[in-house]
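Peer 1: Right, I'll just put the structure down here and ask away after.
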Amino acid sequence: ETGVTQSPTHLIKTRGQQVTLRCSSQSGHNTVSWYQQALGQGPQFIFQYYREEENGRGNFPPRFSGLQFPNYSSELNVNALELDDSALYLCASSYGINNQPQHFGDGTRLSIL
Amino acid sequence: DQQVKQNSPSLSVQEGRISILNCDYTNSMFDYFLWYKKYPAEGPTFLISISSIKDKNEDGRFTVFLNKSAKHLSLHIVPSQPGDSAVYFCAAPREGYGGSQGNLIFGKGTKLSVKP
Numbered sequence: 017e018t019g020v021t022q023s024p025t026h027l028i029k030t031r032g033q034q035v036t037l038r039c040s041s042q043s044g045h046n047t048v049s050w051y052q053q054a055l056g057q058g059p060q061f062i063f064q065y066y067r068e069e070e071n072g073r074g075n076f077p078p079r080f081s082g083l084q085f086p087n088y089s090s091e092l093n094v095n096a097l098e099l100d101d102s103a104l105y106l107c108a109s110s111y112g113i114n115n116q117p118q119h120f121g122d123g124t125r126l127s128i129l
Numbered sequence: 016d017q018q019v020k021q022n023s024p025s026l027s028v029q030e031g032r033i034s035i036l037n038c039d040y041t042n043s044m045f046d047y048f049l050w051y052k053k054y055p056a057e058g059p060t061f062l063i064s065i066s067s068i069k070d071k072n073e074d075g076r077f078t079v080f081l082n083k084s085a086k087h088l089s090l091h092i093v094p095s096q097p098g099d100s101a102v103y104f105c106a107a108p109r110e111g112y113g114g115s116q117g118n119l120i121f122g123k124g125t126k127l128s129v130k131p
């Protein structure tokens, strides 16, 4: 059974740039959720994708957008990067929109200079 | 508005003793709770969960207790081992188990250090 994988592991960008983070869900899982974890905080929900459609969104601006592909992998795109976007971005997968537990990848550490 | 609160940022325990990590919540709609463990440079790993129809769930060295009237849950680790040193997060599905959305609400975490 393949777990959740995320790429890249680390990324450095400058303010105003755009970034794409990628996630492959655990085998058999059809739902992907994205979370942002700032330093010293718990993960904060960004949005969830189920069957290639967005199913719920947290308190994040529209410059955070996503996609889910037919193989259930997913992308998180962030435009017009700001310094506060520096964080660990976590992807979690599950079978079904509210089936627990969600299984997390190791995250992408994004640093904005 | 922090709906899941872990008020102790850190906890230090001697190997072999009990570790007790606490979590409080404010939303009465929460009916399912999860504990995740996170090592540095790794993602959160699911540890144990509990439904609100129970007041205790046990899995090996790990036991979670739920006090619904106090809106409080705790994770007990007995005996504690150095490998348990990690950050522990308490979480709950925003709309309850089986709701229309699966987003988890997390506490800020408690860093557990188990000393040999």
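As given, the protein sequences belong to chains A and B, one line each in that order.
Residues in the first sequence are numbered from 17 upward in steps of one, following our numbering.
Residues in the second sequence are numbered from 16 upward in steps of one, following our numbering.
Where a beta carbon is used, it is the ideal one built from N, C-alpha and C, also for glycine.
Keep in mind that this is a model prediction, so the values were computed, not measured.
Is B/ILE63 near B/PHE77, with beta carbons less than 9 Å apart?
Peer 2: Against the second sequence, residue 63 of chain B aligns to sequence position 48. Against the second sequence, residue 77 of chain B aligns to sequence position 62. For B/ILE63 and B/PHE77, yes; Cβs fall inside 9 Å.
Peer 1: Drop a sphere of 10 angstroms on the beta-carbon of B/GLY75, count the other beta-carbons inside from all chains shown, and report buried for 16 or more, exposed for fewer.
Peer 2: For the purposes of this step, residue 75 of chain B is taken as residue 60 along the second sequence, with counting starting at 1. So B/GLY75 counts as exposed.
Peer 1: Residues of the segment 71-94 of chain A with a CB closer than 8 Å to any CB of chain B: list them in chain order, please.
Peer 2: Listed by position, the residues of the segment 71-94 of chain A near chain B (Cβ gap below 8 Å) are ASN71, GLY72 and GLY74.
Peer 1: In chain order, what are the residue ranges of uninterrupted alpha helix (DSSP H) at least 4 long that sit wholly in the segment 53-113 of chain A?
Peer 2: Counting only runs of 4 or more, we get nothing.
Peer 1: Determine whether the Cβ of A/ILE113 lies closer than 9 Å to any Cβ atom of chain B.
Peer 2: Residue 113 of chain A sits at position 97 when you count from the first residue of the first sequence. Yes, A/ILE113 lies at the interface with chain B (some Cβ there is under 9 Å from its Cβ).
Peer 1: Identify which residue in A/ILE128, A/SER127, A/ASN114 and A/SER109 has its Cα closest to the Cα of A/TYR51.
Peer 2: Taking the first sequence and counting its residues from 1, one reaches residue 51 of chain A at position 35. Of the candidates A/ILE128, A/SER127, A/ASN114 and A/SER109, the one whose C-alpha sits nearest the C-alpha of A/TYR51 is A/SER109.
Peer 1: On the three-pair Cβ rule with 8 Å, is the segment 59-73 of chain A touching the segment 110-129 of chain B?
Peer 2: Result yes; three or more Cβ-Cβ pairs closer than 8 Å.
Peer 1: Within this structure, are the beta carbons of A/LEU129 and A/THR30 separated by less than 9 Å?
Peer 2: Here residue 129 of chain A is taken as the residue at index 113 of the first sequence, counted from 1. Here residue 30 of chain A is taken as the residue at index 14 of the first sequence, counted from 1. Cβ atoms of A/LEU129 and A/THR30: closer than 9 Å.
Peer 1: State the Cα-Cα distance for the pair A/THR18 and A/GLN42, rounded to the nearest angstrom.
Peer 2: Start at 1 with the first residue of the first sequence, and residue 18 of chain A comes out as number 2. Start at 1 with the first residue of the first sequence, and residue 42 of chain A comes out as number 26. Rounded to whole angstroms, A/THR18 to A/GLN42 spans 6 Å at the Cα level.
Peer 1: At a CB-CB cut-off below 9 Å, which residues of chain A make contact with B/PHE61?
Peer 2: In the second sequence, counting from the first residue as 1, residue 61 of chain B sits at position 46. Chain A residues near B/PHE61: GLN116, PRO117, GLN118, HIS119 and PHE120.
Peer 1: Report yes if the C-beta distance between A/GLN57 and A/ASP122 is below 9 Å; otherwise report no.
Peer 2: Here residue 57 of chain A corresponds to residue number 41 of the first sequence, with the count starting at 1. Here residue 122 of chain A corresponds to residue number 106 of the first sequence, with the count starting at 1. No, the Cβ-Cβ distance between A/GLN57 and A/ASP122 is not below 9 Å.
Peer 1: So what does DSSP say about B/PRO59, is it helix, strand or coil?
Peer 2: The count along the second sequence starts at 1 and reaches residue 59 of chain B at position 44. Coil, per DSSP.
Peer 1: Going by CA-CA distance only, name the one from B/ASN42, B/VAL129 and B/PHE121 that's closest to B/ALA85.
Peer 2: Here residue 85 of chain B is taken as the residue at index 70 of the second sequence, counted from 1. Checking every option, the nearest Cα to that of B/ALA85 belongs to B/ASN42.
Peer 1: Measuring straight from C-alpha to C-alpha, what distance separates A/ASN87 and A/ASN114?
Peer 2: Your numbering for residue 87 of chain A matches position 71 in the first sequence. Your numbering for residue 114 of chain A matches position 98 in the first sequence. Spanning the two alpha carbons is a distance of roughly 19 Å.
Peer 1: Quick one, which residues of the segment 46-71 of chain B are near chain A if we go by CB-CB under 8 Å, in chain order?
Peer 2: Within the segment 46-71 of chain B, the qualifying residues are TYR47, LEU49, TYR51, ALA56, GLU57, GLY58, PRO59, THR60, PHE61 and SER64.
Peer 1: State yes or no: is the C-beta of A/HIS119 within less than 9 Å of the C-beta of B/PHE61?
Peer 2: For the purposes of this step, residue 119 of chain A is taken as residue 103 along the first sequence, with counting starting at 1. For the purposes of this step, residue 61 of chain B is taken as residue 46 along the second sequence, with counting starting at 1. A contact, by the Cβ cut-off of 9 Å.
Peer 1: Given a cut-off of 9 Å, decide if A/SER127 and A/SER102 are closer than it, judged by their beta-carbon atoms.
Peer 2: The sequence position of residue 102 of chain A within the first sequence is 86, counting from 1. The sequence position of residue 127 of chain A within the first sequence is 111, counting from 1. Yes, the Cβ-Cβ distance between A/SER102 and A/SER127 is below 9 Å.
Peer 1: With H, G and I counted as helix, E and B as strand and the rest as coil, what does DSSP make of B/ASP46?
Peer 2: The count along the second sequence starts at 1 and reaches residue 46 of chain B at position 31. DSSP places B/ASP46 in coil when its eight states are reduced to three.
Peer 1: For A/GLY112, tell me which candidate among A/LEU106, A/LEU104, A/TYR65 and A/PHE76 has the shortest Cα-Cα distance.
Peer 2: Counting from one through the first sequence, the residue named residue 112 of chain A turns up at place 96. Answer by Cα proximity: A/TYR65.
Peer 1: Taking buried to mean at least 16 other C-beta atoms within 10 Å of its own C-beta, is B/VAL79 buried or exposed?
Peer 2: Position 64 of the second sequence, counted from the first residue, corresponds to residue 79 of chain B. Classification of B/VAL79: buried, given that the 10 Å Cβ count is 16 or more.
Peer 1: What do you reckon, are the CB atoms on B/TYR47 and B/TYR112 nearer than 9 Å?
Peer 2: Here residue 47 of chain B is taken as the residue at index 32 of the second sequence, counted from 1. Here residue 112 of chain B is taken as the residue at index 97 of the second sequence, counted from 1. Their beta carbons are under 9 Å apart, which means B/TYR47 touches B/TYR112 by this criterion.
Peer 1: So, for B/GLY31: in the same chain, excluding its five sequence neighbours on each side, which residues have a beta-carbon less than 6 Å away from its beta-carbon?
Peer 2: One-based indexing of the second sequence puts residue 31 of chain B at position 16. Once the five neighbours on either side are set aside, the close Cβ partners of B/GLY31 are PRO94.
Peer 1: State the Cα-Cα distance for the pair A/ARG38 and B/GLN96, rounded to the nearest angstrom.
Peer 2: Sequence index remark: in the first sequence, residue 38 of chain A carries index 22 (1-based). Sequence index remark: in the second sequence, residue 96 of chain B carries index 81 (1-based). Going by the C-alpha atoms only, they are around 35 Å apart.
Peer 1: Using beta carbons (cut-off 9 Å, strictly below), is B/GLY75 in contact with chain A?
Peer 2: Taking the second sequence and counting its residues from 1, one reaches residue 75 of chain B at position 60. For B/GLY75, the answer is no, since every Cβ of chain A falls outside 9 Å of its Cβ.
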